[in-house]
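2 protein chains.
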Amino acid sequence: MKKYLKEDKWSIIEEGFQLHQHEISESIFSIGNGYMGQRANFEEAYSGPTLQGSYMAGVYYPDKTRVGWWKNGYPEYFAKVLNSTNWIGIGIEIEGEILDLAACTVREFTRVLNMKEGTLSRSFIAELEDGKEIRVEALRFVSMARHEIGAIRYAITPLNFSGKVTVTPYLDGDVQNKDSNYDEKFWAEVYKEVGESEAALTVKTKKLDFHVTSVMSFEMSKNGEPLVLELEPIEKDKYVGYRTSVDVQQDEQLVIYKYVANVTSRDYGFGQLLDAGRAALKSAVEAGFQELHKEQVNVWADKWRESDIVIEGDVAAQQAIRFNIFQLNQTYTGEDDRLNIGPKGFTGEKYGGSTYWDTEAYCLPFYLSTADSSIARNLLIYRYKHLQKAKENARKLGFVKGALYPMVTMNGEECHNEWEITFEEIHRNGAIAYAIYNYVNYTGDQAYLGQYGLEVLAEISRFWEERVNYVPAKDQYMILGVTGPNEYENNVNNNWYTNRIASWTMEYTLEVLQYLKKSEPTRYEELVEKLQLKEEETEKWSEIITKMYYPYDGEKDIYLQQDGFLDKDLTPVRDLDPKHTPLNQNWSWDRILRSAYIKQADVLQGLFFLGDRYDLDTKKRNFDFYEPLTVHESSLSPCVHSIMACELGYKEKAYEMYLRTARLDLDNYNNDTEDGCHSTSMAGTWMSVVHGFGGLRVKDGELHLNPFNPGHWKSFSFKVMFRGSRLKVTVGEQDVTVTNETKIPAKVNVYGNSYTVGGLSHVKVNH
Amino acid sequence: MKKYLKEDKWSIIEEGFQLHQHEISESIFSIGNGYMGQRANFEEAYSGPTLQGSYMAGVYYPDKTRVGWWKNGYPEYFAKVLNSTNWIGIGIEIEGEILDLAACTVREFTRVLNMKEGTLSRSFIAELEDGKEIRVEALRFVSMARHEIGAIRYAITPLNFSGKVTVTPYLDGDVQNKDSNYDEKFWAEVYKEVGESEAALTVKTKKLDFHVTSVMSFEMSKNGEPLVLELEPIEKDKYVGYRTSVDVQQDEQLVIYKYVANVTSRDYGFGQLLDAGRAALKSAVEAGFQELHKEQVNVWADKWRESDIVIEGDVAAQQAIRFNIFQLNQTYTGEDDRLNIGPKGFTGEKYGGSTYWDTEAYCLPFYLSTADSSIARNLLIYRYKHLQKAKENARKLGFVKGALYPMVTMNGEECHNEWEITFEEIHRNGAIAYAIYNYVNYTGDQAYLGQYGLEVLAEISRFWEERVNYVPAKDQYMILGVTGPNEYENNVNNNWYTNRIASWTMEYTLEVLQYLKKSEPTRYEELVEKLQLKEEETEKWSEIITKMYYPYDGEKDIYLQQDGFLDKDLTPVRDLDPKHTPLNQNWSWDRILRSAYIKQADVLQGLFFLGDRYDLDTKKRNFDFYEPLTVHESSLSPCVHSIMACELGYKEKAYEMYLRTARLDLDNYNNDTEDGCHSTSMAGTWMSVVHGFGGLRVKDGELHLNPFNPGHWKSFSFKVMFRGSRLKVTVGEQDVTVTNETKIPAKVNVYGNSYTVGGLSHVKVNH
């Protein structure tokens, strides 16, 4: 029984409370605003299994690493996203009995993630041990309009008694990360204060000295009438709160409004934190819950206007794609170029909340098409800011020059330590270069190249220059000992994708150099000087490009994933006894490695990225060879296959691949959603629809669409921001309509024909 | 200043006490008797850096493993040799001041490992804080004649005062392993008793329930006169002891004799342990220290008679080779077929005291030539007993049949968890098969094959049968994804050595089957039935043997270490800036892997093992290609190269390689002797002399010698036990003398000519 959520176009709905699903729901019903995020933990006490998670973006901890066998170059620390002060807590006692859903009878439980409005609500009837029944209705959100603010409305109605309700709103900084390697607590108390109407708590991380200040206040009303309360202040280690009791008659509704401002030393000096938190809180309290809620609805309306996908005729698909878009929008808003996108967003601790190549390879396209170009640009700037660290990382691994970006990072330093990943999965460097191309190609922002792009490209090209291996006997350059995107191969020679993306990086770097020399000669000279770029270097890059070795099989006319790939047993996945899959749960690592089975797109990833350089036949031959060997055991795999299948006209395969990720978390497909949602792979699902079914590409500054309707839907539509205009593309059963929602005219190529879509008008094209 | 020990033919001598070298000396001056071992820790209190180590062979602990990133098939536990009850302890107080060499001034310190007699002695003058001076002379040994017994003579003489000496002999089971993964203690108390003249302590391991009982008694005398003592019994957690004080006049000698019996539940039922310990102790005490010492000298005289190597004209070399022989003899005596040889013997905890392929590849030849054949046979039986576990291990890794012996083990189960080692370094299976061949070839004990050998061979052949990969396009069998003996390559395809030893195993198994069918038809039928051996299987083995793929380069006419080896940068080690070596301390793992540098013999290991199948030219071409790429960063590497160099007539290279291991620990060459000595590689040094300089081989039941004098020595001689006779081979400057020390005539082939050496006579042959 994986499927326990109700289908709905705009909401995720859970009906009936089941303890064993609670941690999954805690992930799925998470809320965030790019600045902070909160798992769907309960406000009141809860003694059942739970993964507490209150996360402040960019606040992390360098936890001492755990390793079986040390290798030179491994990092000593693994940076992990921190579970921070629990700011949602409201203790509830009914006539002295603590409300705890794990310890009472729960009826009419409903939990709703309202994606349209960006709120989490919950209602239930709790029958306490002594038979007393109360109804609770809770609503909360983290404000998109005021990112430091979280607000909660928590209502209690006694149903069959009158009595005393005791309420304890609090801030608790005495929290722990579940994934702490040595069961250490990461926070120390700095300051606390429980004032007349406001309580404040400042905690700091035991390393790196991040300070987080939370300031809270609360109000209560009964049947809509504000209450004047007698408050008992509470102070404990890393904890502040109030306790107050109210007599409530049967059927009266007691409502608690809790407002919290969370501010961090990432934005304020230590001395300013308390004032900043108080000011943010004051303004929020003055606005009041209603107004804050209204603001929230408005910001989300804007988000949906820019990024919604509508699927007609399939509620489950509609719900799923909106859930994915919702998660992406609440994980990263692009306002802060020091932030990036963790694989679990704000929904869990796993993967340490760190940045992977997922961002460049999968997430960037989503933000390029659904938000102002400055948002995607900030994702690029993030890596630019880490260039120095990437150079240091290359030195650590023995390279004299160039930059190797880390596989997993929070601050630019490598966090991970499996040699086959950390040291060998160097293709990530290519994805970071490719993102620059992708951004500039999409937005036309050529200025980025001189400002930031070239430096990153040149240092990555230098890395490849040093990393290749010249083989005199063959007069060719090779790249030995790598792990490609398909992590079910380790330490292989000449992974085609890696060789290709390395060579491509050097090509593109030379192209950008030519462009800058011509278009921005002064800046060009400055950069050559700053980079100390020598002619021998660019000449060497040209030589490597010319003499790069690409493994290839003449008989099958396909690129080889790596040297020797055809020596493997090539039995396709469909002929494998299903008891063996997923391989990563059933096979030992050596067996996986020597098999031909592919975790995620590898050769095909290259044909996808560099799609305009390969003809359809080449793509088809390689797809036909590799896809049947692919087990898709990375959530990032199906989307690339779906998009390529669309291009190749394999409609059923495209839809099958789309389905594999669309409801990954909602249906807990991988049995691991309790750890958090697969946030970055959600961008892949979005790509399946827009780049796959929609066939979106940008060529020579023109938006190309090549849509087809997968046939299971009445119609679907998506939004595309492109160079100032916003287009809504609706793919019906017979035709495609491109509607320009802005006043800026747009040129669009549909099925190979160019159209100009005037401001606020549309074109319709038959399939 | 690595070299701090005095050169001497029969002893290891340290003069002058230096704190920072103490842990190195604790390793080097270790004593053992195959049943138990003891680092050269001090009897009295010591507050300086020390690695306490009292080890009982076969008593181990399954410590919870520590791993960075889990893989299917990894063992949950790492079995490690246990630091057991400290039985040497004797607390000393002089007028209330504790004797502690880290806290007083030490003069005239001498520590001597008397290898001829198997004893450790120590003498020094300690000047205490208040100026009192005492002379201490301590002597101890673990009895070779009575393996459960340890004995200590500890003498104190006040030099400039008269006063009270307080003595506290004790047994302390409250000890810890330094390498405990989670700082846990592994022992719990079972029983303790402090009687009038005897104290006993039984402790048990918290897992596996090993019980160790230690029983001690002690005597004291002053100036040779036995003392009647007033004893204060002491009992603490896991601790028993006595405290007693004696008034000693200036220049009087107070002598303490401490006797301990250590018995374990490996040999006795829980209920018998105390009685067994008491009985052993009683008998030892009755014999007295003098007699025990005499027995010790006698047993060691026998050992030396059988295994000594004499080098004339080079004291350092003489000392080194005796040290190696001494360590081997005190580590493994071959009396107990449940025991094996840990890489550090009884000298430290590192590598968990577990069994590696070192035993079969390096140690077996030493025991074959220097002891009764039953000793080497017991090393084989050890693996026979683990056959069931090896089959289970293969199942765990997904194999339907066959056996994969563990890489690292204590009880037959795999202990290690690096996938590239544990799962992929499968050539170990070949070494275990090869050891059977080696043993039978040397001893002529064909009966072993039917009794035990075939079962192991057949199950290993079955493993290879399933592990190979048929490549239809090439009509060949390959072995993909392995790590060869050269661990500086991981997950390679078609490691020549692995393919070769796999194929060889199947060849030998078929040969043994033929032999048994003909010579022992009844047993043959029994075994075919027991093994359920099918004709398809042996046919399949034949096919694999015929169609096995061996990577080879036609141009250079050499075997390739693995597919693609020649694509690497082939710069020889001599052209590498020395700042890079040792690579394992300076290079990240990926850099090591993609380099051509070789940790230890790989192709050459195969040419060494299967030396009679390859001609000298082939060996020469491969040696000339691979040796210059070899960094010898395993202590097991130089010996194989030394032996091959001898065969190829590369005298200087042979001697250079010999020197790299001969004094490895005595000169702390690898800067790690404090962790323990490299016990198994000592067998390699022995091989360098006997198989290398001596040119010893056994062909068709005949002992072949092909000696040469490396030129740095006047002469050298070694002992060889061969089929009942013991030969002493002396290699002088001009001639070789083979002396038969037994009455059984022996046939010997020297420089290609066969001689019969009569009982107690000799032959002399010119070079």
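Chains as they are written, first to last, in the UniProt record's numbering: chain A, 1 to 767; chain B, 1 to 767. Where is the CB? At the ideal position from N, CA and C, for every residue including glycine.
Excluding the five sequence neighbours on either side, which residues of its own chain have a C-beta within less than 6 angstroms of the C-beta of residue i, listed in chain order?
i               : result
H580 of chain B : N586
I24 of chain B  : N668, T673, E674
I545 of chain B : S503, M506, E507
A155 of chain B : E137, Q253, V255
S123 of chain B : T110, E137
V299 of chain A : M144, A145
S634 of chain A : K599, Q600
Can you list, in chain order, the residues of its chain whose CB lies under 7 angstroms from that of residue i, leaving out five sequence neighbours each side?
i               : result
E230 of chain A : T244
E235 of chain A : K192, V194
Q21 of chain A  : Y4
R697 of chain A : H704
E420 of chain B : T483, N490, N491
D735 of chain A : K764, V765, N766, H767
K6 of chain B   : I13, E15
M1 of chain A   : Confidence at M1 of chain A is low in this model, with a pLDDT of 41, below 50, so its placement is unreliable and no value can be given for it.
D237 of chain B : D174, E189
Among all the DSSP beta bridges, which residues are the ones paired with residue i?
i                      : result
H704 of chain A        : A:R697, A:N749
I12 of chain B         : B:L113
G32 of chain B         : B:G37
V246 of chain A        : A:V165
K719 of chain A        : A:K728
G91 of chain A         : A:T168
residue 785 of chain A : Only positions 1 to 767 of chain A appear in the structure, and residue 785 of chain A is not among them; the question remains open.
What does residue i touch in chain B if you count any residue whose Cβ is under 9 angstroms from its own?
i               : result
R66 of chain A  : R66, V67, G68
N499 of chain A : Ordered by position in chain B, no residue passes the 9 angstroms Cβ test against N499 of chain A, which lies about 13 angstroms from the chain.
Keeping to the same chain, check which residues put their C-beta closer than 8 angstroms to that of residue i; ignore five residues upstream and five downstream.
i               : result
G163 of chain B : I94, E95, K132, D247, V248
N181 of chain B : D63, K64, T65, R66, F78
Report back the beta-carbon spacing between residue i and residue j to the nearest angstrom; my notes put them in contact at under 8 angstroms.
i                      : j               : result
residue 768 of chain A : V512 of chain A : Summary: the structure shown does not reach residue 768 of chain A, with chain A confined to residues 1 through 767, and so no result is reported for it.
P365 of chain A        : M687 of chain A : 6 angstroms
P169 of chain B        : I90 of chain B  : 5 angstroms
L560 of chain A        : W496 of chain A : 6 angstroms
V142 of chain A        : M36 of chain A  : 6 angstroms
Please list, in chain order, the chain A residues whose beta carbon lies closer than 8 angstroms to that of residue i.
i               : result
E465 of chain B : None at all; the shortest Cβ gap to chain A is about 15 angstroms.
W589 of chain B : K71, N72, G73, W419, F423
A473 of chain B : L566
Report the neighbours of residue i on chain A: residues whose CB is nearer than 7 angstroms to its CB, in chain order.
i                      : result
N493 of chain B        : G564, D567
residue 770 of chain B : What is shown of chain B runs 1 to 767, which leaves residue 770 of chain B out entirely.
N490 of chain B        : N491
Could you list which residues in chain B have their beta carbon closer than 7 angstroms to that of residue i, in chain order?
i               : result
G398 of chain A : W587, S588, R591
Can you pull the chain A neighbours of residue i, defined as C-beta to C-beta under 9 angstroms?
i               : result
N622 of chain B : Simply none; closest approach about 19 angstroms.
Practice task
For the stretch 530-618 of chain B, list the alpha helix (DSSP H) runs that are entirely contained and at least 4 residues long, ordered along the chain.
Solution key: 535-547, 583-586, 589-594, 603-609
Handout entry: Complete alpha helix (DSSP H) runs within the stretch 120-186 of chain B (minimum length 4 residues, chain order)
Key = none
Problem - Near-chain D residues of the stretch 532-563 of chain A - C-beta to any C-beta below 7 angstroms - result: No chain D appears in the structure shown, which is made up of the protein chains A and B.
Problem - Length-filtered (4 minimum) alpha helix (DSSP H) runs lying within the stretch 338-402 of chain B - result: 364-370, 373-385, 387-396
Problem - 4-residue-minimum alpha helix (DSSP H) runs that sit fully inside the stretch 413-453 of chain B, ordered along the chain - result: With a minimum length of 4 residues, the continuous alpha helix (DSSP H) runs that stay inside the stretch 413-453 of chain B are 419-422, 428-443.
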